[in-house]
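Read through the structure below, which is laid out as structure tokens, and then see the notes.
Numbering (the working numbering), first residue to last: 55 to 480.
Below you can see the structure in the form of structure tokens.
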């Protein structure tokens with residue numbers, strides 16, 4: 055995709071004085087298409103000066119940010135094929151080719167939601183969601199049945215390799231294959247790690263937009279893959295790292311890994327696989343942003359609404375409804391606490407102001423559906439998650455789990471033998 059059309063630099067042009075717009079476009083294009091490993095501030099300044107423009111610090115920073123994003127996307131577009139070796143395997147999700155991903159939607163954060171890839175490609179019906187999760191679960195179950203293990207090897211370029219069978223046919227007859235997670239258990243596992251994203255983001259004091267973007271990335275990734283194929287802990291940390299990049303809250307993988315005592319190389323290894331599974335649709339719209347627009351200056355109501363959105367983000371809501379609908383549902387629930395608004399009147403005002411194609415009664419039905427979804431949210435405790443986690447570990451690495459069980463049985467047996475001997479000697 056040539057840079058000559060200048061689409062990704064539109065917001066710079068709109069903020070630049072008219073005589074300088076052509077220079078700005080030319081400088082940014084030169085910088086993004088240069089052979090530098092990563093665009094630098096010095097290179098940005100030099101490029102602008104060659105265009106006879108004495109740049110300010112903000113000029114340099116703005117063009118540098120765009121050029122760096124374009125460079126990242128250029129690298130992301132390479133080597134996206136899956137390594138499927140020479141066997142017959144369950145069908146994996148197809149990587150989405152880079153040329154189908156409009157760059158303008160990735161770098162222009164001001165694009166209207168109605169024309170975004172978020173709306174056109176990532177809002178589903180309840181039936182579609184169920185089908186996608188079921189397909190991923192069934193594929194992982196077939197992997198477990200065929201290979202005795204579900205873990206896929208992820209490569210830095212985003213490709214994945216199927217596992218080598220850990221048992222031969224003779225072993226399979228003697229060994230029992232671990233029981234795969236069912237769809238409900240996978241859902242509990244996803245919600246558990248979505249909560250972990252919120253906890254990690256709070257620990258690092260990231261803004262709400264980092265948390266929301268990371269959770270939506272995680273949800274989208276899990277539409278393509280089962281948690282039995284890619285361990286959710288690895289993916290959730292990679293999603294946080296990717297979210298920090300896209301939302302320009304720069305934290306290195308080393309800092310993130312050190313803060314949570316996790317190998318940062320695993321985050322980097324999974325980064326391209328996450329981008330690929332997202333189809334490189336990196337700009338997302340969260341309910342937090344919509345709430346800020348609805349409730350400017352109403353801080354108490356805003357904080358309660360944020361808490362409501364926190365719960366909504368753990369449901370399938372972001373994959374079923376538009377962010378503004380989720381925001382209105384959160385506002386309505388918060389308003390039941392604070393009684394700040396005549397909500398019905400406010401809703402009619404919103405519908406008339408937005409010239410919506412839906413009536414207020416239709417919008418109310420949608421809000422009621424969101425309330426039902428939140429009410430059905432079942433968050434298991436850490437103790438309740440242990441059984442599901444144990445099953446996941448068995449699928450992820452059956453040999454290690456078998457060894458642990460044998461050691462545990464051996465330990466109990468030795469204790470029992472010792473107590474029996476003491477009884478005989480007494």
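Quick reminder that beta carbons are idealized off the backbone N, C-alpha and C, glycines included.
Terminal residues of the alpha helix (DSSP H) in which residue i lies
i: residue 436; result: 436-450
i: residue 262; result: 262-278
i: residue 391; result: 377-392
i: residue 341; result: 341-348
i: residue 248; result: 237-257
i: residue 168; result: Looking at the DSSP string, residue 168 is not in any alpha helix (DSSP H), and its letter there is neither H nor E.
i: residue 427; result: 414-429
i: residue 358; result: 353-366
i: residue 195; result: 180-201
i: residue 372; result: 371-374
Closest by C-alpha distance to residue i, when choosing among the options
i: residue 342; options: 207, 364 and 169; result: 364
i: residue 399; options: 418, 214, 346 and 304; result: 418
i: residue 450; options: 268, 285, 273 and 260; result: 285
i: residue 322; options: 296, 302, 280 and 371; result: 296
i: residue 445; options: 199, 178, 232 and 205; result: 232
i: residue 422; options: 371, 404 and 183; result: 371
i: residue 443; options: 252, 282, 219 and 273; result: 282
i: residue 435; options: 250, 293 and 289; result: 250
i: residue 454; options: 203, 378, 199 and 382; result: 203
i: residue 362; options: 401, 291, 416 and 427; result: 427
i: residue 268; options: 207, 335 and 180; result: 335
i: residue 356; options: 404, 340 and 385; result: 385
i: residue 175; options: 416, 374 and 406; result: 374
i: residue 389; options: 412, 359, 403 and 380; result: 359
i: residue 198; options: 185, 218 and 208; result: 218
i: residue 301; options: 271, 368 and 245; result: 271
i: residue 340; options: 305, 424 and 379; result: 379
i: residue 166; options: 206, 337 and 294; result: 337
i: residue 367; options: 208, 298, 187 and 274; result: 274
i: residue 420; options: 292, 383 and 245; result: 383
i: residue 320; options: 291, 304, 179 and 299; result: 291
i: residue 172; options: 376, 179, 287 and 255; result: 376
i: residue 289; options: 332, 257 and 258; result: 332
i: residue 244; options: 234, 452, 458 and 439; result: 439
i: residue 369; options: 424, 352 and 404; result: 424
i: residue 452; options: 186, 220, 306 and 308; result: 220
Counterpart residues of residue i in DSSP-defined beta bridges
i: residue 208; result: 214
Proximity test, Cβ basis, 7 angstroms: residue i and chain D
i: residue 170; result: Looking for chain D here will not work: only one protein chain is present.
**Study point:** contact_flag[the stretch 194-212, the stretch 319-331] where n(CB pairs < 8 angstroms) is 3 or more
**Key:** yes
Practice item. Inspect the CB distances between the stretch 344-361 and the stretch 311-324 and report whether three or more fall short of 8 angstroms. Key: no
Exercise for review: Say whether the stretch 234-245 touches the stretch 256-263, bearing in mind that this needs 3 or more beta-carbon pairs closer than 8 angstroms, one atom from each stretch.
Suggested key: no
Point to revise | Inter-stretch contact at 8 angstroms, needing at least 3 Cβ pairs: the stretch 391-398 / the stretch 422-433 | key: no
**Study point:** Segments assigned alpha helix (DSSP H), at least 4 residues, entirely inside the stretch 268-338
**Key:** 286-300, 307-313 and 318-331
Review point. Counting pairs of Cβ atoms below 8 angstroms between the stretch 184-199 and the stretch 272-280, do you hit three or more?
Key: yes
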